[in-house]
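K.L.:
In my numbering, the protein residues as written are 2 to 288. Beta carbons are placed, not taken as given, at the ideal position from N, Cα and C, and that holds for glycine. Predicted model, so just to flag it, every value in this text is computed and none were measured.
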Ligand SMILES: NC(=O)c1ccc[n+]([C@@H]2O[C@H](COP(=O)([O-])OP(=O)(O)OC[C@H]3O[C@@H](n4cnc5c(N)ncnc54)[C@H](OP(=O)(O)O)[C@@H]3O)[C@@H](O)[C@H]2O)c1
């Protein structure tokens, strides 16, 4: 039996939807914090179990009878390592054999305090746990691009502190489909996969595509950090989130998200969504 955590969140829920295409519901379980948010999953016949990553006894209980766990990583700005260790220890105690962990791609050793440090600690802990592991190093979601550049087509200019850095964006739904394929196929024991799009794009590329789709010149300029953060705060983001967004851009500048890999493409059996396709459907729906 496969259990997916974070089932009331984006990636977890979408992964379960893909699992349901190939696997009977009675072989799928999920972990949620709030059962009232999972009524649809109950209706689909998924075995909904309740536990917080911080509640060790409840985790051990929730993992009874489970063979494989997909641990959807905890949210930044929380004690991620403690939560992940709890899940790993509880899985082991409950007799789970194989744990998949959603990490972040690190094509370079750039440090993002809220992300890469806790991922490295979790990966090391998982590898030493004795569980069979599979580490999914997910790239930046296409769905996060709007946070970086805004959700409206820019008038004439994109300002981001990303230099000439590139990101091999991947759509979260496609990551979910690829993750479901990994969970239901053999041969992923003690493996690590970069889960990226098949192409990496710079913000110059993004501006060029937006320009071509909008039919007017849109250019990209590298921004200094302070004005970018100020612009995000003015747009309504809390300061720590504005800082976090700037950090993702700086990570891109340092190549952390630039590596491409064909794992997602192979698992999907087709090219993942390209930048142009994503921008067209997101920024120019109906065009
Ligand atoms: N690659 C990227 O671009 C990117 C972007 C954003 C996040 N991430 C990372 O990838 C993860 C999955 O992404 P997502 O889009 O699915 O995020 P999401 O929609 O925020 O979902 C996170 C899920 O984790 C659950 N969760 C958080 N803390 C928990 C805890 N203490 N105990 C039990 N469950 C807990 C949440 O439960 P509730 O529904 O109860 O809140 C939610 O279901 C995120 O958590 C984050 O670590 C990656």
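Between the beta-carbon of residue 54 and the beta-carbon of residue 178, is there less than 7 Å?
P.N.:
Indexing the chain shown from 1 puts residue 54 at position 53. Indexing the chain shown from 1 puts residue 178 at position 177. It is not a contact, given that the beta carbons lie outside the stated cut-off.
K.L.:
Measure from the alpha carbon of residue 222 to the alpha carbon of each residue in 13, 111 and 160, then state which is nearest.
P.N.:
Start at 1 with the first residue of the chain shown, and residue 222 comes out as number 221. Of the candidates 13, 111 and 160, the one whose C-alpha sits nearest the C-alpha of residue 222 is 160.
K.L.:
Is residue 167 buried or exposed, if buried means 16 or more other CB atoms sit within 10 Å of its CB?
P.N.:
As a first step, residue 167 must be located in the chain shown, where it is residue number 166. Result: buried.
K.L.:
For the 8 Å Cβ check, are there 3 or more pairs between the stretch 98–110 and the stretch 49–63?
P.N.:
Cβ pair count under 8 Å is below three, so no.
K.L.:
Which ranges would you report for the beta strand (DSSP E) in the stretch 139–203 if only whole runs of at least 3 residues count?
P.N.:
Listed in chain order, the complete beta strand (DSSP E) runs (minimum 3 residues) inside the stretch 139–203 are 158–161 and 192–196.
K.L.:
Quick check on residue 1: buried or exposed, where buried means 16 or more other Cβ atoms within 10 Å of its Cβ?
P.N.:
Because the chain spans 2 through 288 in this model, residue 1 falls outside it and cannot be assessed.
K.L.:
Name the two residues that bound the continuous alpha helix (DSSP H) containing residue 281.
P.N.:
The residue labelled residue 281 in the question sits at position 280 within the chain shown. Counting along the chain, the alpha helix (DSSP H) containing residue 281 begins and ends at 276–284.
K.L.:
Taking residue 143 as the reference, which of 275, 156 and 136 has the closest Cα?
P.N.:
Within the chain shown, the letter at position 142 stands for residue 143. Closest by alpha carbon: 275.
K.L.:
Below 8 Å on the Cβ atoms is my guess for residue 42 versus residue 31; work out the distance and round it to an integer in Å.
P.N.:
Taking the first residue of the chain shown as position 1, residue 42 is located at position 41. Taking the first residue of the chain shown as position 1, residue 31 is located at position 30. The Cβ separation is near 6 Å, so the contact holds.
K.L.:
Residues in the same chain with beta-carbon distance under 7 Å from residue 199, minus the five sequence neighbours each way, listed in chain order, please.
P.N.:
Mapped onto the chain shown, residue 199 falls at position 198. Correct list, in chain order: 261, 263, 266, 272 and 273.
K.L.:
Pick from 256, 96 and 172: whose alpha carbon is nearest that of residue 279?
P.N.:
Within the chain shown, the letter at position 278 stands for residue 279. Out of 256, 96 and 172, 172 has the C-alpha closest to the C-alpha of residue 279.
K.L.:
Let me know the beta strand (DSSP E) ranges lying completely inside the stretch 207–232, each 3 residues or longer, listed in chain order.
P.N.:
Runs found: 220–223.
K.L.:
State the Cα-Cα distance for the pair residue 45 and residue 236, rounded to the nearest angstrom.
P.N.:
Position 44 of the chain shown, counted from the first residue, corresponds to residue 45. Position 235 of the chain shown, counted from the first residue, corresponds to residue 236. C-alpha separation (whole angstroms): 39 Å.
K.L.:
Using CA coordinates, which residue listed in 154, 79, 60 and 148 is at the minimum distance from residue 91?
P.N.:
As a first step, residue 91 is located in the chain shown; it is residue number 90 there, counting from the start. Looking at the Cα atoms, 60 is the closest of the given residues.
K.L.:
Looking at residue 10 and ligand 1, is the gap between the Cβ and the nearest heavy atom below 6 Å?
P.N.:
Within the chain shown, numbered from 1, the residue matching residue 10 stands at position 9. Because some heavy atom of ligand 1 lies under 6 Å away, the Cβ of residue 10 counts as near it: yes.
K.L.:
Measuring from the CB of residue 80, is there a heavy atom of ligand 1 at a distance below 6 Å?
P.N.:
Numbered from its first residue, the chain shown carries residue 80 at position 79. Every heavy atom of ligand 1 is 6 Å or more from the Cβ of residue 80, so no.
K.L.:
Flag residue 202 as yes when its Cβ comes closer than 6 Å to any non-hydrogen atom of ligand 1, and as no otherwise.
P.N.:
Within the chain shown, numbered from 1, the residue matching residue 202 stands at position 201. No.
K.L.:
Starting from residue 40, follow the alpha helix (DSSP H) in both directions and report where the run begins and ends.
P.N.:
Here residue 40 refers to the residue found at position 39 of the chain shown. Taken as a continuous stretch (DSSP letters only), the alpha helix (DSSP H) holding residue 40 covers 40–44.
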